[in-house]
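Participant: Numbering (this note's numbering), first residue to last: 208 to 657. Each residue gets a CB set at the ideal place from its N, CA and C atoms; glycine is no exception. None of the values given here were measured: they were computed from a predicted structure. I have a structure I would like to understand better, so I am pasting it below and will then ask my questions one at a time.
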């Protein structure tokens with residue numbers, strides 16, 4: 208059951224044909240997601256108190272999917288800083304990797320006229336919800352904070368998908384990272400691999416020593432995350448954008464897509480058998496404990512390894528996935544304010560302004576594993592992994608590869624279908640590369656190409 212939260216503000220009645228259309232679109236999205244609803248019940252926490260111990264006059268319910276130890280530390284940091292502004296953070300965490308459960312719950316709550324004041328929305332989803340008229344604009348906050356000059360251009364464009372700013376950006380995550388356990392590599396005389404032949408040689412040594420070379424879960428979004436790094440390795444950022452963002456028909460028939468699929472299957476020999484469905488935090492722990500030597504994952508894994516007491520200078524390395532050092536496969540954490548609560552607009556704007564403070568950007572990223580969204584962050588406060596990530600992202604839009612798996616590149620329907628098809632291919636060895644490539648092409652077909 209979904210836990211309802213009482214509110215005095217309702218979504219405006221749908222009286223016009225346009226608003227009825229919006230409602231039908233949301234109903235269609237919810238209908239597709241209904242089978243997962245029972246597994247996505249939110250977990251709520253009481254409102255935080257101000258430093259003096261008195262309950263703040265204002266509060267915001269924030270719906271998100273941050274669940275791991277490092278993610279909870281990041282949430283606690285944001286809640287504490289918001290409390291210092293006189294606004295309580297009422298936590299609603301919906302478990303489920305990659306935010307699938309949170310998206311389902313949010314859609315159902317909006318339809319039930321029980322929307323939270325704030326929701327974690329990433330990438331294309333921000334644009335889609337803004338087009339439905341469901342998000343509060345943050346134009347005045349952005350103008351007062353000079354966001355156009357403060358933000359990296361790629362982030363500024365993301366949070367303004369139309370005429371209005373509709374999200375507050377928290378941090379940039381780099382996804383194409385190959386983590387390795389430094390102690391294991393030193394023990395076996397190995398160097399961090401920068402090419403696929405080097406990766407294969409290291410994996411052979413590690414496997415003979417009884418160590419799982421590559422930690423990997425069979426969870427659908429984790430399979431898709433690994434796959435998109437392989438696409439980037441095969442084709443670079445231009446081809447990546449043609450495939451997942453522009454969805455050009457020729458990109459789906461390109462041999463590079465087939466080679467990425469073949470490598471995804473080939474890598475299974477280094478993952479141990481069977482490949483179990485574990486959370487990404489459990490995979491990070493395997494790396495930390497030394498039962499696995501490498502992990503392909505976004506830099507949120509760095510935040511988790513830090514939370515386990517490890518650091519990148521001594522305990523683990525975080526280089527690029529072979530073939531991707533020149534590119535930045537990314538997702539951006541953002542918070543959007545729901546328009547169903549006009550009485551809470553002041554508190555919503557307080558939160559939006561707060562997350563753009565330089566100190567919050569610095570401290571949040573340090574805990575979460577991300578890098579600040581600012582043009583001029585405190586580079587001295589970053590470790591080597593973070594400095595490399597921020598420097599590359601800030602260097603040029605040409606190196607950017609917006610993640611398909613994490614909703615930065617394409618719409619929810621196509622994304623979910625691609626993830627499901629990749630998962631099918633990963634689990635079933637009898638599914639041919641050519642068949643999967645063809646099916647991905649059908650899924651990715653744009654309306655104008657049908």
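Using CA coordinates, which residue listed in 344, 287, 268 is at the minimum distance from residue 316?
Facilitator: Considering only alpha carbons, the answer is 268.
Participant: Give every residue of the same chain whose Cβ lies closer than 6 angstroms to the Cβ of residue 577, excluding the five residues on either side of it in the sequence, and list them in chain order.
Facilitator: Only 378, 379, 380 meet the Cβ criterion.
Participant: Unbroken beta strand (DSSP E) runs of length 3 or more, entirely within the segment 378–429: which are they?
Facilitator: You should have 384–388, 419–422.
Participant: Return helix, strand or coil for residue 611, following the three-state DSSP convention.
Facilitator: In the structure shown, residue 611 sits in coil (DSSP, three-state: anything other than H, G, I, E or B).
Participant: Does the distance from the C-beta atom of residue 523 to that of residue 386 stay below 8 angstroms?
Facilitator: The answer is yes: Cβ separation under 8 angstroms.
Participant: Relative to the C-alpha of residue 546, which candidate in 540, 538, 555, 539 has its C-alpha closest?
Facilitator: Comparing Cα positions, the closest option is 555.
Participant: Just to check my reading of the structure: residue 277 and residue 514 have Cβ atoms closer than 8 angstroms, yes? What is that Cβ distance to the nearest angstrom?
Facilitator: Between residue 514 and residue 277 the Cβ distance is about 4 angstroms, and since that is below 8 angstroms, they are a contact.
Participant: Which residue from 440, 300, 343 puts its Cα closest to that of residue 559?
Facilitator: Among 440, 300, 343, the Cα nearest to that of residue 559 belongs to 343.
Participant: How long is the line joining the alpha carbons of residue 431 and residue 483, rounded to whole angstroms?
Facilitator: Spanning the two alpha carbons is a distance of roughly 15 angstroms.
Participant: For residue 553, report the span of its alpha helix (DSSP H) as first-last.
Facilitator: Segment 552–562, the alpha helix (DSSP H) holding residue 553.
Participant: By DSSP, does residue 272 sit in helix, in strand, or in coil?
Facilitator: Coil at residue 272, not helix or strand.
Participant: If you check the beta carbons only, do residue 650 and residue 624 fall under 8 angstroms apart?
Facilitator: For residue 650 and residue 624, yes; Cβs fall inside 8 angstroms.
Participant: Does residue 369 come out as helix, strand or coil in the three-state DSSP assignment?
Facilitator: It is coil, neither helix nor strand.
Participant: Can you give me the C-alpha to C-alpha distance between residue 290 and residue 283, rounded to a whole angstrom?
Facilitator: Roughly 10 angstroms separates the two Cα atoms.
Participant: Could you compute how far the alpha carbon of residue 471 sits from the alpha carbon of residue 361?
Facilitator: Cα to Cα, residue 471 sits roughly 29 angstroms from residue 361.
Participant: Report buried or exposed for residue 333, applying the criterion of at least 16 other Cβ atoms within 10 angstroms of its Cβ.
Facilitator: The residue in question, residue 333, is buried, as its Cβ has 16 or more Cβ neighbours within 10 Å.
Participant: In three-state DSSP terms, what is residue 343?
Facilitator: DSSP places residue 343 in coil when its eight states are reduced to three.
Participant: In the DSSP assignment, what are the bridge partners of residue 296?
Facilitator: Paired residue(s): 267.
Participant: Cβ of residue 505 within 8 angstroms of Cβ of residue 384?
Facilitator: For residue 505 and residue 384, yes; Cβs fall inside 8 angstroms.
Participant: Quick check on the DSSP output: what are the complete alpha helix (DSSP H) runs of length 4 or more inside the segment 466–540, in order along the chain?
Facilitator: Those alpha helix (DSSP H) runs which fall completely within the segment 466–540 and span 4+ residues are 487–496, 507–514.
Participant: Quick check: what's the CA-CA separation for residue 599 versus residue 527?
Facilitator: Taking the straight line joining both Cα atoms gives about 12 angstroms.
Participant: Please report how far the alpha carbon of residue 350 lies from the alpha carbon of residue 356, in whole angstroms.
Facilitator: Whole-angstrom Cα-Cα distance: 10 angstroms.
Participant: Could you check if residue 541 is buried or exposed, using at least 16 other CB atoms within 10 Å of its CB as the buried criterion?
Facilitator: With 16 or more Cβ atoms within 10 Å of its Cβ, residue 541 is classed as buried.
Participant: With a threshold of 6 angstroms on Cβ separation, who are the neighbours of residue 608 within its own chain once the five nearest residues in sequence on each side are excluded?
Facilitator: For residue 608, where only same-chain residues beyond five positions count, the Cβ hits under 6 angstroms are 439, 444, 447, 534, 536.
Participant: Going straight from the alpha carbon of residue 595 to that of residue 532, what length do you get?
Facilitator: Taking the straight line joining both Cα atoms gives about 10 angstroms.
Participant: Taking residue 417 as the reference, give the member of 363, 365, 498 with the closest Cα.
Facilitator: Minimum Cα distance to residue 417 is reached at 498.
Participant: Where does residue 581 sit, in a helix, a strand or coil, going by DSSP?
Facilitator: Looking at residue 581 - three-state DSSP - the assignment turns out to be strand.
Participant: Throw me the rounded Cβ distance for the residue 610 and residue 538 pair, which I believe falls under 8 angstroms.
Facilitator: Right, the Cβ-Cβ distance comes to about 5 angstroms (below 8 angstroms), so this counts as a contact.
Participant: What residue range does the beta strand (DSSP E) around residue 327 cover?
Facilitator: That run of the beta strand (DSSP E) goes 325–327.
Participant: With DSSP as the reference, please indicate the residues paired to residue 375 in a beta bridge.
Facilitator: Residue 375 pairs with 542.
Participant: Taking its Cβ as the centre, do 16 or more other Cβ atoms sit within 10 Å of residue 511, making it buried, or is it exposed?
Facilitator: With 16 or more other Cβ atoms within 10 Å, it is buried.
Participant: Please report the residue range of the alpha helix (DSSP H) in which residue 575 lies.
Facilitator: Run containing residue 575: 565–575, per the alpha helix (DSSP H) assignment.
Participant: Tell me, which residues are paired with residue 284 by DSSP?
Facilitator: According to DSSP, which records beta bridges pairwise, residue 284 is partnered with nothing at all.
Participant: Measure the C-alpha to C-alpha separation of residue 452 and residue 434 and round it to an integer number of angstroms.
Facilitator: Between residue 452 and residue 434, the C-alpha separation is close to 15 angstroms.
Participant: When we look at the beta-carbon of residue 456 and count the other beta-carbons within 10 Å, is it buried (16 or more) or exposed?
Facilitator: The residue is exposed, with fewer than 16 neighbouring Cβ atoms inside 10 Å.
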